[in-house]
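Chemist:
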Amino acid sequence: MVPIRAIVVALGLSSSALAFGSDSVLRVAPDFTRTDIKGDVFSLSAYRGKLVLLNFWATWCGPCLTEIPKFVVWQRTYGSAGLQIVGISMDDELAPVIRAQEKYQMDYPVLMGDPQLAERFGGVLGLPLSYLIDSEGRVVARYQGDLDLKRLESQIKSLLPRRGNSR
Amino acid sequence: MKTSSTYVFAFILLSQSALALAEHKPAASIPTADLMQPAELAANLKSTSVPKPLILQIGFHNLYAQAHIPDSEYIGSAKEDAGLDQLRNRVAKLGKDTAIVIYCGCCPWSHCPNVAAAYDTLHTLGFTHLKVLYIAENFGDNWVNQGYPVAKGD
């Protein structure tokens, strides 16, 4: 297994991109299967071979709502090059999540999170929170709090499995 | 002229709609004197000689169930009317000099949609020993990862 710090150095990411809690370092993304809010079955392992941006968010989280329009654009722009955005809402209720998905035209899988799923990712005790997972299922980076979206986009472009297909 | 007015009106409506999901009174509106630092509350909880305040979590259940301050009570999101009603009910029979600490920690302080609404409600009700736990980034970073006591579950 490649140490996470080595991956970070190899990719030229600064350590600020990683904000692991001392006891919550994830090296391999835990697989899980759930039904998304449209009723389709979602398994994280089905996206092996793609670069996955797993985004924990909520409708009550202002910074999350700032990020989502950019994620929508990235999915459309880089999807053919192997990027897959996945949204996991930490809302307590489903209704506002459905409204938000429609409002922001989130055309990527959106699932409802809960404490059990959150715990598998080391806890989701503050939003926004995103994981970047490479094509082999390894966690490349964890982002907590306000994102530098330009920098993240550069990192994503450098990790796309099929770079030639991105616009 | 009528057409441009219509566009302006539509733009205002759309702008308001875009913000509706995330609008809230900013946490920065809470007076600094009424903030409590996590280290101070943790020391209070550890002490055997200091009276314990009533600690209320006025955020989201998915976060409370993962980790919360021991003996703190889950109230509900103060950004919602139901949460504020629950808060009012919880304190209805308390003396106005009851020591109360409220906290959330869902997101960076400046983005928290709950703390200012809860503070305003309790302040308006006349509570005189009211503090808001200042969680700069989130409950994970500023409480759990500091090694302060944590409980899980409902």
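As they're listed, the protein sequences go chains D and S.
Those letters in the first sequence? Residues 1 to 167, by the working numbering.
Those letters in the second sequence? Residues 1001 to 1154, by the working numbering.
Glycine residues also receive a C-beta, built at the ideal position from the N, C-alpha and C atoms.
1) Please tell me whether Q1066/S has its Cβ less than 8 Å away from any Cβ of chain D.
2) Compare the beta carbon distance of C1104/S and I1030/S with 8 Å and say whether it is the shorter of the two.
3) Under three-state DSSP, which class holds T1121/S?
4) Please determine, among P161/D, Q101/D and G145/D, the residue with the shortest C-alpha to C-alpha distance to P69/D.
5) So, is A118/D buried or exposed, given that buried needs 16 or more other C-beta atoms within 10 angstroms?
6) Could you name the residues that DSSP lists as bridge partners for M1036/S?
7) Determine the chain D residues that contact S984/S at a beta-carbon separation under 9 Å, and present them in chain order.
8) Can you find a C-beta in chain D that's less than 8 Å from the C-beta of E1137/S?
9) Mind checking A1067/S: buried by the 16 CB within 10 Å criterion, or exposed?
10) From the beta carbon of L1021/S, is the nearest beta carbon of chain D less than 8 Å away?
11) Could you work out which residue in D146/D, D107/D, D40/D and P96/D is closest to G79/D when comparing CA atoms only?
12) When you compare each of T59/D, W74/D and V140/D to L149/D by their alpha carbons, which one comes out closest?
13) Using a Cβ-Cβ distance cut-off of 8 Å, determine whether P63/D contacts chain S.
14) CA-CA distance, W1109/S and H1129/S?
15) Less than 8 Å between the C-beta atoms of S45/D and D31/D, yes or no?
16) Return helix, strand or coil for F121/D, following the three-state DSSP convention.
17) Could you name each continuous alpha helix (DSSP H) segment of 4 residues or more that falls completely within the segment 1048-1126 of chain S, going from the start of the chain to the end?
18) For chain D, find out if any of its Cβ atoms is closer than 8 Å to the Cβ of K1025/S; answer yes or no.
19) Given a threshold of 16 other Cβ atoms within 10 Å of its Cβ, counted over all protein chains shown, does V140/D qualify as buried or as exposed?
20) Tell me where the beta strand (DSSP E) around R142/D begins and ends.
21) Tell me which same chain residues have a C-beta within less than 8 Å of the C-beta of R120/D, skipping the five on either side of it?
Modeler: So, from the data block:
1) yes
2) no
3) helix
4) Q101/D
5) buried
6) L1133/S
7) The displayed coordinates of chain S run from 1001 to 1154. Any statement about residue 984/S would go beyond what the structure contains.
8) yes
9) buried
10) Below a pLDDT of 50, predicted positions are generally treated as unreliable, and L1021/S, at 49, falls in that range; no measurement from the model is reported.
11) D107/D
12) W74/D
13) yes
14) 21 Å
15) yes
16) coil
17) 1061-1066, 1081-1091 and 1115-1125
18) no
19) buried
20) V139 to Q144
21) P30 and F32
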